[in-house]
Amino acid sequence: MRFALQLACLTAVLVWVCGARPAAAQIDGGAPDANDDAPLADRSDAAVTGAGDVGPDGGGVENAAPAASGLFQSGPTGAGGPAGGAVDGTPTRPVVLSGYARGDVFVGKVAGAARATMKAAYGEAALALRTARLPHADGFAEARVRTGLQGDQQNTFLDLREAYVNAYAGPVDLRLGQQIIVWGRADALNPTNNLTPVDFRIRSPIEDDIRLGNVGARGFLRLAPFRLEGVWMPIYLPTLLPPVGLPPFVSYGPTAIPAPELANGLYAGRLHLELPAVEMSLSYLRGYAPLPGLTMSSVTLTGTANPPPSIVVVRTPYRHQVVGFDFSTALGDWLTIRGEAAYRRPEADARRGYVPRADLQYVLGIDHSFGAHSFGALSVLAQYLGRYVFDWQKENVPALLDPATLPTLGPSYTDLVTGTVNAVLARTNQILFQQTARVQHVGTLRAEWLGAHDTLSLSTLAIVNVTTHEWLVTPRIGYRVDDALAVYLGAQIFHGPPDTLFGLIDAELSAGYAELRYIF
Amino acid sequence: MRRSVWVLALLGAGFVSTRVTAADAPPSAREIMVKVITARKLDGSEAQIKMTTIDDKGQTRERELTMATKLFDGGKTEKRIYRFTAPADVQGTSILVFDYQEKADDLWIYLPALRKTRRIVSAQRSQSFMGSEFTYGDLNIPALGDFNYTLNKEETVDGEACWVVDLLPRTNEIADGEGYAKKTYWVSKSKLAVLKGLLYDRDGKPLKEFLARDVKLLDPKNKRYRAMHMEMVNKQTGRRSVFESTKMIFAPKTSDDYFTTTYLERN
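Structural data, given as C-alpha cells:
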C-alpha cells in the first residue's frame, strides 16, 4: 500500500507537470493574485525594467496599475532559476530541475581496537523537480540514489524522498503526497517533532539529509493572527538506526509495521499564534511514534550448535499522544529566545518493555550573532533541555547468560532465556528512549563562523548530557569553491558510558569525513 | 541575516523624493537627509533582483531573488519579504522583515534545510550582506541622530546636480558599528536619491565607493524614485558588488498575505 501511495504521489506530480504547461504560459504575462484586479496587459505596462523601457522622466509608469503583479511569485528568467512567469511576457520553463551529486568517505574506529575502518563510502545523486508556481497550486518531487558502502551494507539505495502537490484555495493551503514535516522551534532537539522519521544510517554533513518523507496530508487554515494546521499520515514508517552489535545467535526480524488501516494512522493538529513580537503554537498528536522499541519475537533452543539456537528480536512501534507548546521572541536587537516543551504519554503499558514511560521534555534557548565585515559573522545558539520521566524506575539487567552457552541449553531453558532476553531488551529500550534517569539535564551549543565573503564556514554542534555523561560534537569546515562546488571536512563524535545511547552508537557512528558536493 | 534585510530594504524601499526646484533655498545638510529618509517609503512594490559580486580576479558570483514591500500602520511600518530563487544552494531561502519606524525590526527567515521558520535578530551593521561588498549598514538609510552632517559643496554626478553631504559618526561606538570613520554622500537635488557615496575606513583612508544609476520614477503621484542599479566597489581590494533590479513594479495593492510566515514557507 505504501508503494502504491508513493506511486500515486509521483503520478500526481507528473500529471500536474504535464497539465501545468499551458497554464504556465498564461502567467508569463504576470500571474494574477487573489487581490489582483488589473488586466495583465496593464500590469505589464507598469513594470519598470532594467532594459530601460521607461524614460528618465518616468513617463512610462504614469499608468502604473496599483495592483499586485505576481512578480514576487515569479522566478528569474535566467537558467537555473525556479519555474515561474515573468511579467514582461517572456515564457519561462514550467518545470525546473535541480539537485546535487556528492561523494563521501566516512572513516571511524574498530570497536575495541585502536584501528580505523571505513564506515561509509558512497556517491549520491539527488534530482528535484519543481513545477511552475501557479496561483492555486504547484508541485515538487525529489529522488535520491545512493550507491556504495553504508554501514555493513554495500548496495544501491533509492529514495523517493518527496513527491507532493500543494493546493491553495482562499485561506486554505493543502499539501498531499510524500513529504517531510518538521515541527518545533528549538534547535536540534525538538520534543514536539514526532511526525516523520529519520534514517540515522545515512551519513552526511547536512543534518536535513537524514530525514525521510512519508505519505500524508498537511493542511493550513489561515485566520490571522492564528493559523490552524492539521496533519494526517496514514502509513507508518519507522526511524531507522544503524545496526548495533548483536550477541551470537541473536538477529533482527522484520519490523512489526502496523496494518495500513485508518485507525492506525497518525493524526495531529497545531494552532499557531503569529504576532509581530512573539509567535507560539500549541500542538496535539496521536499515532505511532517514529522510533520503535525492541521486543523478542521468538526463542528457539536446540541444545546443539547445529542446528544452532536462535533468538529473534523485532522493532515494535507503540502509539502515543503528545501535547506540545513552543514559542520564540526577540529581546530587542540583542537576543532571540526560543522554547519548546512536550508531554508524551504512551498508550500501552510501559511494563511491556518496548514502550517508554510518560515524560515531559522542555527546551529553552538563546541565540545571538557577532561580527563585522572584515571578521565575518559568528552566530551562537545555546540551549538547555530537561527531561522528567514519570513513574521512573531503573530497568535492572539480571546476571547475563553468556550467549556462547546457548547451544548447550535445550528447550527446557526457554523460560529462563526468554526472561533474560526480555530484561536485556527492557534496559536497551530505556536507553533508546533516553529514559535512563528520572531527571536529565542536557546542554547544547551550536556555533558557526561564516567568513571570507561567505565562502568559508567553521561550525559545530555540541550536545552534553550532564546526567548520563554522554556527549556529541560535530566540528565541520566548509568551503564554497564557487556557487556549485562545496567541500566539507569534519567529524561526528559520539561518546558515553556503555549503558547510554551515545555509548552504544559510538563505535558505529563516530567518524571523520570528507565530502565533495556539486549543486546544480 | 540582518544584513540582507538592510540591503533589500534599500532595494525595496529605495531612495525617493519630493521634487525640489532650482529656485528652492538651499536646505541644510540635515534637512537634506531628513527629506531622503522621509521620502524613502513606497506604498508597495514587487521586484526581481540580481546580485553580482566580482572579485579582483574577475570571478563572479550571482544571486537572484524576488521581493515585495508594502506600507502598514499609516506608513509607520514597512513589511518586506525576499525569496532567493537562484542559484540552487540558496533557492527557497526567504526573509520576512517588519521594519518599524521607532523600534527594532522583527525578522524571520525560512531556510529550506531547516524546514521551518526561525525568528532572528539584527546582526551588526558592519557585517557583509551575503558575502557582498555591501554591509547591512551600507544599505540602510542612516539613523539621523547617529551623525553630524555638513553640506560640503555642490557637484554633478552623471549630469545631475547634487549636494555633497559629509556624515560623521557622533561617537566611536557608532563608528565601530558602521565600520567607517566618515561617509560622504552625493544627493540628487531633483530626486533626493543618493547617487554616489565615498566611505572611509577607521584609519581615514578611502575604503569603498557606492554608485547608484538608472534611477526611475516609480510612483509618479508621490514622486517616488528607485535606483535600478547599485554598485559598491572596495577601493582597497578591487572587489565589487552590483545589485540590479531586473524588473520592478509599483504595486500598492500587493497581497497582504505575502507578508506572513506562511508565505515564507511556500517554496
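Protein sequences, first through last, are from chains A and B.
When the letters of the first sequence are read in order and numbered with my numbering, they come out as residues -4 to 515.
When the letters of the second sequence are read in order and numbered with my numbering, they come out as residues 16 to 282.
Don't be surprised by glycine CBs; every beta carbon is placed ideally from N, CA and C.
{"Asked": "Residues of chain A with a CB under 7 Å from the CB of B:Gly146: which are they?", "Found": "His448, Asp449 and Thr450"}
{"Asked": "Report back the beta-carbon spacing between A:Phe101 and A:Ala120 to the nearest angstrom; my notes put them in contact at under 8 Å.", "Found": "Not a contact, Cβ separation roughly 18 Å."}
{"Asked": "Quick check: what's the CA-CA separation for A:Asp386 versus A:Asp354?", "Found": "9 Å"}
{"Asked": "Any idea if B:Met82 is buried or exposed, counting beta-carbon neighbours within 10 angstroms, 16 or more meaning buried?", "Found": "buried"}
{"Asked": "Counting C-beta neighbours from all protein chains within 10 Å, is the total for B:Gln74 16 or more, i.e. buried, or is it exposed?", "Found": "exposed"}
{"Asked": "Tell me, please, whether the CB atom of B:Val257 is closer than 8 Å to any CB atom in chain A?", "Found": "no"}
{"Asked": "If you check the beta carbons only, do A:Val160 and A:Gly172 fall under 8 Å apart?", "Found": "yes"}
{"Asked": "Interface residues of chain A around B:Pro42 at Cβ under 7 Å?", "Found": "Under the 7 Å cutoff, chain A gives no residues; its nearest Cβ is about 23 Å from B:Pro42."}
{"Asked": "Have a look at the DSSP bridge pairing and note the partners of A:Trp311.", "Found": "Per the sequence shown, the amino acid found at residue 311 of chain A is Thr instead of Trp. Bridge partners of A:Thr311: A:Gly288."}
{"Asked": "If you draw a straight line from the alpha carbon of B:Asp88 to that of B:Ile96, how long is it in whole angstroms?", "Found": "17 Å"}
{"Asked": "With 16 other CB atoms within 10 Å as the buried threshold, where does A:Thr400 fall?", "Found": "exposed"}
{"Asked": "Could I get the ranges of all uninterrupted alpha helix (DSSP H) runs contained in the stretch 188 to 251 of chain A, with 4 residues as the minimum, in chain order?", "Found": "none"}
{"Asked": "Excluding sequence positions up to five away, which residues of its chain have a Cβ less than 7 Å from the Cβ of A:Thr250?", "Found": "Pro233, Pro287, Val309 and Arg310"}
{"Asked": "For A:Gln68, which three-state DSSP category applies?", "Found": "coil"}
{"Asked": "Less than 8 Å between the C-beta atoms of B:Tyr215 and B:Ala190, yes or no?", "Found": "no"}
{"Asked": "Using 8 Å as the limit for Cβ to Cβ distance, is B:Glu46 near chain A?", "Found": "no"}
{"Asked": "Are there three or more Cβ pairs, one per stretch, closer than 8 Å when the stretch 360 to 380 of chain A is compared with the stretch 430 to 445 of chain A?", "Found": "yes"}
{"Asked": "Please determine, among B:Ile64, B:Gly253 and B:Gln116, the residue with the shortest C-alpha to C-alpha distance to B:Ile52.", "Found": "B:Gln116"}
{"Asked": "How would you write the range of the beta strand (DSSP E) that B:Phe144 sits in, first residue to last?", "Found": "It is not in any beta strand (DSSP E) - B:Phe144 carries neither H nor E in the DSSP assignment."}
{"Asked": "Kindly list, in the order they appear in chain B, the residues whose Cβ is closer than 8 Å to that of A:Gly327.", "Found": "Ala119 and Val136"}
{"Asked": "Counting contacts by CB-CB distance shorter than 8 Å, is A:Val482 in contact with chain B?", "Found": "no"}
{"Asked": "If the cut is a Cβ gap below 8 Å, which residues of chain A does B:Ser205 touch?", "Found": "Within 8 Å Cβ-Cβ: nothing; B:Ser205 doesn't reach chain A, min ~10 Å."}
{"Asked": "Run the CB neighbour count on A:Cys13, radius 10 Å, all protein chains shown included, and call it buried at 16 or more, exposed below.", "Found": "Low per-residue confidence applies at A:Cys13: pLDDT is 39, beneath 50, and the placement is therefore not dependable enough to give any value."}
{"Asked": "Using 8 Å as the threshold, is the stretch 272 to 290 of chain A in touch with the stretch 312 to 322 of chain A, meaning 3 or more CB pairs across them?", "Found": "yes"}
{"Asked": "Quick check on the DSSP output: the beta strand (DSSP E) that includes B:Ile69 runs from which residue to which?", "Found": "Gly59 to Ile69"}
{"Asked": "At a cut-off of 7 Å, is A:Ala442 close to the ligand SAM when judged by its beta-carbon and the heavy atoms of the ligand?", "Found": "Only the bare structure without any ligand can be found here, which leaves the ligand SAM out of the picture."}
{"Asked": "Measure the CB-CB distance between A:Thr331 and B:Arg134 and report whether it falls below 8 Å.", "Found": "yes"}
{"Asked": "Exposed or buried, B:Gly59, counting other C-beta atoms within 10 Å across all chains shown (16 or more means buried)?", "Found": "buried"}
{"Asked": "Measure the C-alpha to C-alpha separation of B:Cys177 and B:Pro42 and round it to an integer number of angstroms.", "Found": "12 Å"}
{"Asked": "Mind checking if A:Leu511 is an interface residue toward chain B, Cβ cutoff 8 Å exclusive?", "Found": "no"}
{"Asked": "In the structure shown, what three-state DSSP assignment does A:Phe370 receive?", "Found": "coil"}
{"Asked": "Is the separation between the beta-carbon of A:Leu453 and that of A:Ile472 shorter than 8 Å?", "Found": "yes"}
{"Asked": "Below 9 Å on C-beta distance, what does A:Thr324 contact in chain B?", "Found": "Arg134"}
{"Asked": "Applying a beta-carbon distance threshold of less than 9 Å, which residues of chain A neighbour B:Tyr215?", "Found": "Going along chain A, no residue has its Cβ under 9 Å from B:Tyr215, so there is no contact; the nearest lies around 14 Å."}
{"Asked": "Please confirm if B:Tyr273 has its CB atom under 8 Å from at least one CB of chain A.", "Found": "yes"}
{"Asked": "Assuming B:Ile47 contacts B:Val202 (C-beta within less than 8 Å), just tell me the rounded distance between them.", "Found": "6 Å"}
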